[in-house]
Amino acid sequence: MVWGIFKKELIDSLRDRKTIVLSVLIPIILNAGLMLLFDRVVLNKSEDTMTIAVNQNSQSTIYKWLYDMKNTKIKELSDPMEAVKDGDAQVGIKVGSDFDQKLKNGGSPELTIYSDSGSSKSSAAVETVKNIISMHEQTIVNEKLQSAHIDPKVLNPFQMKVKNVAKDDDGGMYLVSLFAQIIIVLGVMMGGVSAANDLFAGEKERKTMEALLITPVKRSHLITGKWLTISVLGAITGIFSTVTLVVFIKFFTTNLPNVFDLEHGGGKLIAALLIAIILFAFLVASIQVIFSLFANTMKEAQNYISPLMLLGMLPYYFLITVSVNEMTTMHFIIPFLNIYALIKQLIYGVYSLQNVLLTIGSTLVCIVIFFTIARVMFGKDRWVLEKS
Amino acid sequence: MIEVEHLTKAFKDKKKTITAVNDVSFSIQKGEVVGLLGENGAGKTTMLRMIATVLHPSCGSILIDGIDILKDPMKIKRKIGVLFGSETGLYERLTARENLLYFAKLYGINNHEAKGKVEQLSVRFGMKEYLDRRVAGFSKGMRQKVAIARTLIHDPEVILFDEPTTGLDITSANMFRQLIHELRTEGKTIIFSSHIMEEVKLLCESVIMIHKGELVYHGKLRDLYAEEKSEDLNDIFMSRLVEGA
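Structure below.
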């Protein structure tokens with residue numbers, strides 16, 4: 000009987016335009032839009048031209064250093080600070096007219112660099128300019144030390160090396176992990192939301208629920224059939240989101256195709272991700288059923304479920320600053336947080352059976368708890384009948 | 000036979016308790032057509048919902064053919080067919096046929112038999128033309144036919160209609176009245192609630208009047224007319240409500 004109910008509910012839901020829009024169109028638009036935006040704009044390797052404003056008529060040595068830089072446009076302006084403020088330049092440099100003279104005589108001439116900390120382009124440009132100036136500063140220091148018969152190594156009592164233990168990443172993997180988490184989780188939550196609203200609150204509103212309850216079918220069978228429908232729609236959307244994400248990255252981006260390394264242990268990663276998505280869909284469906292039972296109309300159900308979606312996104316923000324190596328057991332025990340954590344780890348190619356099992360275990364426990372609550376509610380007249 | 004004994008239903012709403020049906024007792028013979036009369040909020044729908052096993056009584060009992068609905072609700076569900084409203088309980092995105100087949104399945108009717116029953120009902124109610132169209136585009140009359148067919152798909156012995164002609168045009172309402180006659184000749188036991196006194200007068204042998212959840216009258220219409228020395232059911236209804244108030 001559960002199968003018959005599930006089959007009917009699935010056909011009914013798939014004929015609903017809202018389900019198709021939320022399950023198919025939105026994942027495609029989200030995936031395509033975000034990935035193309037980041038590929039073409041954020042990760043674009045072709046370097047932008049940097050504009051540096053310098054004070055007018057200055058022929059200082061320092062400017063000669065800057066002229067040698069690639070992709071740089073130097074503007075001679077009377078007020079470099081204003082140029083940065085107005086967005087006409089990313090960096091402004093002001094030096095006194097006696098800069099070269101003082102430098103030659105061993106004095107300590109001043110130079111001021113203007114930047115706009117609110118602009119990532121300006122911050123990056125300032126870093127580049129500072130590196131160039133520091134390099135020349137080091138050369139001058141070395142020359143001075145040598146002329147004083149001092150070994151320049153005296154300034155470096157030890158050698159410091161910083162080595163990255165994380166996977167080599169030019170930012171692409173970080174971005175993909177950020178978006179994969181939100182796209183997959185949102186996909187699961189949105190895929191079943193329309194059916195969840197419709198199959199409980201909607202049926203109460205249209206009085207089809209009453210017609211169902213009159214039939215000699217156990218309420219446990221009715222709720223199980225409906226819950227399976229919502230879960231399957233959520234899981235399908237989650238999986239569809241994942242597939243479209245991978246397809247877009249592999250075939251439609253220029254800077255991201257190498258993010259997924261599916262040749263080394265890809266099978267395990269895909270299996271773990273599939274299980275996590277499916278179980279998460281069942282958990283989300285259980286919670287959506289409860290909220291839909293609370294409501295008497297579709298509109299009311301939407302009002303309840305929308306904040307739930309926002310709450311479901313909170314763990315995502317919590318994990319943004321946590322690297323895959325910093326994740327602890329707790330990250331994989333707490334429901335919702337664990338799905339984000341697991342997706343992040345899997346994108347980085349980190350496969351830990353323990354973490355996968357912890358995620359599965361804690362999600363299963365939550366499914367049992369929430370489905371039991373939903374089942375108890377479905378057995379009570381006040382939650383299943385429209386208020387007359 | 001339907002036997003209702005001291006039936007009561009109270010709803011708790013925050014700190015208040017609202018008694019929708021209060022200590023109501025009556026019995027209905029097999030094959031009888033009974034009109035259930037009462038104002039809006041009198042407790043008609045609550046009473047029908049309890050007989051239909053959808054709502055659990057707070058106290059009292061309901062027996063259908065000697066079976067207690069609380070003890071064996073599944074057996075009772077197979078015996079009764081219910082239509083709440085004139086055209087409700089249909090899935091808009093399914094065709095009329097899919098709606099009927101789905102409910103046939105829920106009543107445990109096998110696929111082959113269900114297909115036969117759907118054909119039979121579609122001929123009976125003249126639904127052939129639109130049987131394979133989605134319900135969403137149906138007129139009220141078309142929906143009413145499908146809803147009635149859905150109510151009768153498992154050939155119930157007892158049929159409950161809750162204000163079945165509300166909002167229907169004259170043709171559809173007349174079609175429904177004709178159906179009640181036919182079902183009566185088939186020996187079905189029918190309870191239907193209505194606001195239309197002429198309809199009750201025309202179709203019922205007995206009436207149950209309830210007011211604010213309490214039974215005001217139950218008996219044969221002809222006995223009521225004799226008691227009141229009038230055949231104006233509207234007047235009788237109003238005077239009984241005043242007495243019951």
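Those sequence lines, one after another, are chains A and Y.
Residue 193 in numbering that gives the first Met the number 0 sits at position 194 of the first sequence, and the numbers go up by one each step.
Residue 210 in numbering that gives the first Met the number 0 sits at position 211 of the second sequence, and the numbers go up by one each step.
Note that beta-carbon positions come from the ideal geometry of N, C-alpha and C, so glycine has one too.
| Asked | Found |
| --- | --- |
| L357/A and F331/A - do their beta-carbons sit closer together than 8 Å? | yes |
| For S285/A and N337/A, I'd like the C-alpha separation in whole angstroms. | 17 Å |
| So if DSSP puts D12/Y in a beta bridge, which residue, or which two residues, is it bridged to? | K15/Y |
| Roughly how many angstroms lie between the CA atoms of I319/A and K84/A, to the nearest whole one? | 31 Å |
| Using a cut-off of 8 Å between C-beta atoms, extract the partners of A300/A located in chain Y. | The premise fails here: A300/A is roughly 17 Å from chain Y at the closest Cβ pair, so nothing lies under 8 Å. |
| Measure from the C-beta of T214/A to each C-beta in chain Y and report whether the shortest distance is under 8 Å. | yes |
| According to DSSP, simplified to helix, strand and coil, what is M46/Y? | helix |
| Considering only their Cβ atoms, is the gap separating G88/Y from T207/A smaller than 8 Å? | yes |
| Does the region 119-133 of chain Y come within contact of the region 223-240 of chain A, defined as at least 3 CB pairs closer than 8 Å? | no |
| At least one CB of chain A closer than 8 Å to the CB of K114/Y: is that the case? | no |
| My understanding is that G311/A touches M188/A, with C-beta atoms under 8 Å, so please give their C-beta distance in whole angstroms. | 6 Å |
| Measuring only the C-alpha atoms, how far is G105/A from M326/A? | 53 Å |
| Using the Cβ count rule (16 or more neighbours within 10 Å means buried), how would you classify Y316/A? | exposed |
| For a contact meaning CB atoms closer than 7 Å, what does R14/A contact in chain Y? | R92 |
| If the cut-off is 8 Å on Cβ atoms, which residues from the region 188-206 of chain A count as contacting chain Y, listed in chain order? | R205 and K206 |
| Do you know offhand how far S248/Y's Cα is from E202/A's? | This structure gives no information on residue 248/Y, because the portion of chain Y shown stretches from 0 to 244. |
| Who are the neighbours of H55/Y on chain A, taking C-beta pairs under 7 Å? | D380 |
| Going by beta carbon distance, what residues of the same chain come within less than 6 Å of I27/A, once the five residues before and after it are set aside? | T243 |
| Residues in the same chain with beta-carbon distance under 7 Å from E385/A, minus the five sequence neighbours each way, listed in chain order, please. | K203, E204, K206 and N295 |
| Please tell me whether P151/A and Q145/A are closer than 8 Å, where the distance is taken between their beta carbons. | yes |
| On a CA-only basis, which of T253/A, I131/A and Q89/A is nearest S118/A? Give me that one, please. | Q89/A |
| List, in chain order, every chain A residue whose beta-carbon is nearer than 8 Å to that of M141/Y. | Under the 8 Å cutoff, chain A gives no residues; its nearest Cβ is about 16 Å from M141/Y. |
| Between A69/Y and chain A, is any beta-carbon pair separated by less than 8 Å? | The identity of residue 69/Y in the sequence shown is Leu, whereas the question assumes Ala. No, no contact with chain A. |
| Beta carbon of L198/A, beta carbon of K162/A: below 8 Å? | no |
| Please report how far the alpha carbon of T111/A lies from the alpha carbon of I92/A, in whole angstroms. | 6 Å |
| To which residues of the same chain is L177/A closer than 8 Å at the C-beta, ignoring the five residues directly before and after it? | I319 |
| Any idea if G237/A is buried or exposed, counting beta-carbon neighbours within 10 angstroms, 16 or more meaning buried? | buried |
| Quick one: give me the first and last residue of the alpha helix (DSSP H) that H135/A is part of. | S119 to S146 |
| Smallest Cα separation from A300/A: which of K101/A, S122/A, Y350/A and V192/A? | V192/A |
| Starting from the beta carbon of K13/Y, find every residue of chain A whose beta carbon is closer than 7 Å, and list them in chain order. | Within 7 Å Cβ-Cβ: nothing; K13/Y doesn't reach chain A, min ~12 Å. |
| Does any CB atom of chain Y fall closer than 8 Å to the CB of K225/A? | no |
| Return helix, strand or coil for E2/Y, following the three-state DSSP convention. | strand |
| For N342/A versus L272/A, is the C-beta spacing smaller than 8 Å? | Inspection of the sequence shows that residue 342/A is occupied by Ile rather than by Asn. It is a contact, given that the beta carbons lie within the stated cut-off. |
| With a CB to CB cut of under 6 Å and the five nearest residues on each side skipped, what residues in its chain are close to K9/A? | The amino acid occupying residue 9/A in the given sequence is Leu; Lys does not appear at that position. Within the same chain, L9/A has close Cβ partners T228. |
| Checking contacts by CB at 8 Å: is V81/Y closer than that to chain A? | yes |
| May I have the straight-line CA-CA distance separating D154/Y from V20/Y, to the nearest angstrom? | 29 Å |
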